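Read the structure below first, then the notes.
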Amino acid sequence: MRIAKLVAHNFRGIRSLSWQPGSQAMSCIIGPGDSAKTTVLDAIEATLSPRWITFSESDFHLGNSLNPITIEVTIAELSKALLSDQRFGLYIRGLAVDGSVHDEPETDHEPALTIRLTVDATMEPVWELICDRYPTPRVLSNRDRSLFGVVRLAGEEARHLTWGQGSVLARMTGDTEGAANQLADAYRVAKQTANLSSIPSLVETAVRAEELAKQLGAYVNYAFGPDLELGRGGFSSGSIALHDGTTPLRMSGLGTRRLATLAIQRASIKEGAIVLVDEIEQGLEPHRVLGAVSALRSAQEHAKSSSAPTGQLLITTHSEVVLSELKSDSLFIMRRSREGDAFISSVPAEAFSRILKHAPRALFARRILVCEGATELGLMLGLRELFRTRHADVPIEHLGVAIVDGNGAAAPTLVTALAGLGYATALFRDSDQPLKTGVLNLLQSQNVQVFEYGSSLCTELALFGACWPDVADKLIACAIASLGEATILAQLRPAFPGCDVTRPTATWLPAIPGTEMNWLRLARLAIQFRWFKSEERGRAISAVVDEIVQQGQPSSLSVCLRGIERWVYGQ
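In this text, residue positions in the sequence shown follow the working numbering: the first is 736, and each later residue adds one.
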């Protein structure tokens, strides 16, 4: 089973949303914080889960219960039980190749069902099957909804690692013939002897759970098996819990618990589960994230290429490690307007490849400043720490701003790729190599703000052309700190013959910037010997550069950097 279409109105932070995940077995929603990614998973779970969901005023958009919540989920790749006329066959709709849903199915349409959840001011949820061929929708019970095979990994790991009522382990054990009676017997035997390893149905389930958990990267120290874990409430079905050796698995680390739970949840549904995982990287080291995502993706693709039911995995993430294991057709970017209108868009393969190579973490930001080279990147990383002192101590990261490396000549194509995905973007570059007309037109068409010094100035020329001698001393001191005093003095002496370059520059530079060519000689030395050509060196001069800008004298440097400061703070 898989979700072919989701339409939601007035649910929490979403005023409206329409999304078609497509036919891929694995989909990942990303975007900046508070873009309602988790709300999408909540909407699917609320509509398809057999659990009774309790609603309150806060579940309505802007808390306004006068506008009802409506969520419609269209399911394709239906199980045999769902296709049965005795079940829901009379409400079958048609899913066309383009993703559109039709009440009168055509021969080339895929069978689909649409479930609608409605909640009005009474706070009573109503689940219905809808199809315009029948004016009266069919009301769905929780037992009906259990047929849609939805599982959610969200804070319930401990419950699913026991054989308690409704847990996944109980469901897996119940798949074998006569296991329900054996499980009841197990409770009675446990009361008397607690020799749970003698009960085949429990042991077989534990062994299978261990196998599945290992496939996703869960750590197993000894071996999974059933054992007794009594709490204050006395003995119940939940007292029989999965153990790793003699330790209850619920006492394992968060990552292992989540991976083990996810593995057995997927295995418990035989006709293709719809698995929802919010922030799949939670509790996992980067290498285990890679392994888990790779294993899940491979399992889904293998099922799709065979006759086995594929199912669907819907995840969210804030980790660029997860992105490295995804394909472009699996990635969706979510945006939400201030009014609550949400949009989820796919990512073109070319753009995804370019962004993944150069700046994957930029995909999690709201506004992105692409810096052309290492000097510009280091300079901005240092300046951003000084910006906050002038903006109520608010870091730009709190506003969702990311600063990324444009990797030189690749910067214009990277920034246009990001802009094409709907991000607010800007490009910071020097001006020694002017942009080609075609590139400039493309940047303008994508509303990319370009910050540069103009007049064919590179960063070094802009710096030394704007600073007074005392500030030039500080720039030279930064170069000495990076490259060593002997090196810098050896470079200065031939350029300024007859001058004591160990003394302050005021003794051998004019007092007013730009009035003589000495400042130009310094700039050319900085260019030739790469005084500031690295991220670390660019960052080291940021305080000096900010001092130049704050002196207030008009210059190409100050105009450019003041413009960037206004842009990152949305002014």
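Backbone N, C-alpha and C fix where the C-beta goes; we use that ideal spot for every residue, glycine too.
Remember, it's a predicted structure, so these values are computed and weren't measured experimentally.
- Query: For residue 740, does the three-state DSSP call read helix, strand or coil?
  - Reply: Three-state result, residue 740: strand.
- Take residue 1300 and list the residues in its own chain whose beta-carbon comes closer than 7 Å to its own, dropping the five residues that flank it on each side. 1122
- Task: Pull up the distance between the alpha-carbon of residue 767 and that of residue 981, whole angstroms please.
- Result: 42 Å
- Message: Taking the straight line between their C-alpha atoms, what separation do you get for residue 914 and residue 765?
- Response: With a pLDDT of 47 at residue 914, under the threshold of 50, the modelled position of that residue is not reliable, and the figure given next carries that caveat. C-alpha separation (whole angstroms): 41 Å.
- Message: I'd like the span of the alpha helix (DSSP H) that includes residue 1312, first residue to last.
- Response: Nothing can be reported for residue 1312: it is not among the residues displayed for the chain, which extend from 736 to 1306.
- Query: Should residue 787 be labelled buried (16 or more other beta-carbon atoms within 10 Å of its own) or exposed?
  - Reply: exposed
- So the beta strand (DSSP E) residue 1081 belongs to, where does it begin and stop? 1077-1081
- residue 1094: beta carbon under 7 Å from a heavy atom of the ligand NAP? The ligand NAP is absent from the structure shown, which contains no ligands of any kind.
- Message: For the beta strand (DSSP E) containing residue 761, name the first residue and the last one.
- Response: 761-765
- Message: Quick check on the DSSP output: what are the complete alpha helix (DSSP H) runs of length 4 or more inside the segment 1232-1274, in order along the chain?
- Response: 1253-1263
- Task: Label residue 1285 either buried or exposed according to how many other C-beta atoms from any shown protein chain fall within 10 Å of its C-beta, with 16 as the threshold for buried.
- Result: exposed
- Message: Taking the alpha carbon of residue 1305 as the reference point, which residue from 1129, 1174 and 1235 has its own alpha carbon closest?
- Response: When only C-alpha atoms are compared, the closest one is 1129.
- Message: Here's the rule I'm using: 16 or more other beta-carbon atoms within 10 Å means buried, otherwise exposed. How should residue 1093 be labelled?
- Response: With 16 or more Cβ atoms within 10 Å of its Cβ, residue 1093 is classed as buried.
- Cα-Cα separation between residue 797 and residue 807, rounded to whole angstroms: 20 Å
- To the nearest angstrom, how far is it from the Cα of residue 1296 to the Cα of residue 1050? 39 Å
- Task: State the Cα-Cα distance for the pair residue 959 and residue 741, rounded to the nearest angstrom.
- Result: 38 Å
- Separation of residue 757 from residue 834, as counted between CA atoms: 7 Å
- Message: Mapping the DSSP letters down to three states, classify residue 1293 as helix, strand or coil.
- Response: Here DSSP, grouped into helix, strand and coil, assigns residue 1293 to helix.
- Message: Quick check on DSSP: helix, strand or coil for residue 1304?
- Response: Coil, per DSSP.
- For residue 1136 and residue 1067, the rounded distance between their alpha carbons: 20 Å
- Query: By how many angstroms is the C-alpha of residue 1270 removed from the C-alpha of residue 1113?
  - Reply: 4 Å
- How many whole angstroms separate the CB atoms of residue 851 and residue 870, which I take to be in contact at a CB cut-off of 8 Å? With 8 Å as the limit, residue 851 and residue 870 do not qualify as a contact, their Cβ atoms being about 14 Å apart.
- Quick one: Cα of residue 1106 to Cα of residue 1151, how far? 13 Å
- Query: How many angstroms separate the CA atom of residue 987 from the CA atom of residue 1025?
  - Reply: Whole-angstrom Cα-Cα distance: 20 Å.
- Query: Do residue 951 and residue 998 have their C-beta atoms closer together than 8 Å?
  - Reply: yes
- DSSP three-state assignment for residue 1093, whether helix, strand or coil: helix
- For residue 1199, I'd like the list of residues in its chain whose CB is within less than 6 Å of its CB, leaving aside the five on either flank, ordered along the chain. 1254, 1257 and 1258
- Beta-carbon contacts of residue 886 that lie in its chain and below 6 Å, excluding the five residues immediately before and after: 1000, 1008 and 1010
- How many Å lie between residue 743 and residue 876 at the Cα? 21 Å
- Task: For residue 845, collect the residues of the same chain with a Cβ closer than 6 Å to its Cβ; drop the 5 residues on either side in sequence, then sort them by chain order.
- Result: 811 and 830
- Looking only at C-alpha atoms, which of 1278, 1154 and 1134 sits nearest to residue 1202? 1278
- Query: What residues in its chain sit with their C-beta under 7 Å from that of residue 1281, if we drop five residues either side in the sequence?
  - Reply: 1118 and 1121
- Message: Please identify the residue among 1101, 1292 and 804 whose C-alpha is closest to the C-alpha of residue 1160.
- Response: 1101
- For residue 1050, the residue or residues it bridges with in DSSP: 763 and 1012
- Counting only beta-carbon atoms, is residue 1221 nearer than 8 Å to chain C? Of the protein chains in this structure there is only one, and it is not chain C.
- Take residue 1075 as the anchor and find which of 905, 1095, 753 and 1196 has the nearest alpha-carbon. 753
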